[in-house]
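What follows is a set of notes on a single structure, which appears directly below.
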Ligand SMILES: C[S@@+](CC[C@H](N)C(=O)[O-])C[C@H]1O[C@@H](n2cnc3c(N)ncnc32)[C@H](O)[C@@H]1O
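Residue numbers (the working numbering): 120 to 375.
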């Protein structure tokens with residue numbers, strides 16, 4: 120199954136669920152590297168969910184534009200609702216309700232890409248297509264905040280504990296949201312093949328979570344990293360909500 124509209128069911132409870140189960144840890148992981156970013160002007164946020172990293176970056180990057188793409192309209196609604204409480208001006212955000220497996224990411228170039236707890240929703244075959252596709256939209260100088268659950272590389276207790284947590288987590292998400300993935304796939308080799316180098320990795324909660332800063336410097340070779348076989352269905356994509364009524368911005372223009 121590749122439709123993840125099941126995330127709509129989780130959307131109203133997602134923030135509360137995070138608070139009760141993980142406290143501040145996930146947000147610490149999301150924001151761990153934001154001090155090290157090159158000042159971006161055009162940000163692509165994928166699978167942003169209810170908008171916690173977005174709220175943080177809106178304050179940190181006062182002149183950047185944000186394209187927020189998520190397959191779940193419920194999650195986008197939650198993000199907008201929460202931001203309207205804390206931020207009077209959301210005009211630097213473009214909201215896009217699209218499924219990355221079946222629909223295009225708008226062309227960049229983007230000089231910051233964020234995927235918090237997003238890539239771990241996908242199988243190896245899906246990541247083989249998704250990561251090059253995302254990378255092909257990056258600017259020559261581009262940072263990528265990659266935050267995911269992981270199985271720690273060292274420590275028997277740490278890795279056994281992580282395997283147990285992952286089993287529970289994937290069982291829950293597969294039932295509720297319908298994701299295909301049943302374990303976390305290591306994205307590092309695909310990131311490197313796509314022209315990115317890892318600058319930093321921080322681990323949280325005994326290695327259960329990792330927060331990476333990757334950076335692309337220079338050209339991507341070959342076909343620009345674009346996959347050939349992602350299914351496209353541009354017509355069913357939807358930019359929402361209505362930009363005038365909701366006070367939302369037009370898609371950001373690429374940096375010159
Ligand atoms: C596990 S949640 C993570 C939410 C948030 N980024 C966070 O840090 O908690 C995964 C998010 O990715 C979105 N998502 C999952 N599959 C997707 C797809 N195929 N295309 C676009 N968004 C997707 C979900 O709707 C959800 O908002």
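Beta carbons: idealized from backbone N, C-alpha and C, even for Gly.
I need the DSSP call for residue i, collapsed to helix, strand or coil.
| i | result |
| --- | --- |
| residue 212 | strand |
| residue 160 | coil |
| residue 276 | helix |
| residue 230 | strand |
| residue 271 | coil |
| residue 223 | coil |
| residue 284 | helix |
CB-CB under 8 Å to residue i, same chain, minus the five flanking residues each way: which ones, in chain order?
| i | result |
| --- | --- |
| residue 337 | 259 and 314 |
| residue 271 | 277, 278, 281, 322, 325, 326 and 327 |
| residue 110 | The structure shown has nothing for residue 110, since the chain only spans 120 to 375. |
Once the 5 residues before and after residue i are set aside, which same chain residues still bring their CB inside 6 Å of it?
| i | result |
| --- | --- |
| residue 167 | 173, 187 and 189 |
| residue 125 | 295, 296 and 297 |
Could you pull out every residue in the same chain whose Cβ sits closer than 7 Å to the Cβ of residue i, ignoring the five residues on either side in sequence?
| i | result |
| --- | --- |
| residue 182 | 160 |
| residue 156 | 231 and 262 |
Is the beta carbon of residue i less than 7 Å from the beta carbon of residue j?
| i | j | result |
| --- | --- | --- |
| residue 246 | residue 163 | no |
| residue 148 | residue 266 | yes |
| residue 241 | residue 151 | no |
Since residue i and residue j are thought to touch, with beta carbons under 8 Å apart, how far apart are those beta carbons, to the nearest angstrom?
| i | j | result |
| --- | --- | --- |
| residue 169 | residue 197 | 4 Å |
| residue 191 | residue 127 | 5 Å |
| residue 262 | residue 231 | 5 Å |
For residue i, which option in the options has the closest C-alpha, if you only look at C-alpha atoms?
| i | options | result |
| --- | --- | --- |
| residue 201 | 175, 158 and 332 | 175 |
| residue 215 | 224, 208 and 207 | 224 |
| residue 311 | 332, 219 and 293 | 332 |
| residue 237 | 158, 303 and 127 | 303 |
| residue 234 | 253, 335 and 207 | 253 |
| residue 178 | 284, 244 and 158 | 158 |
| residue 210 | 217, 185 and 222 | 185 |
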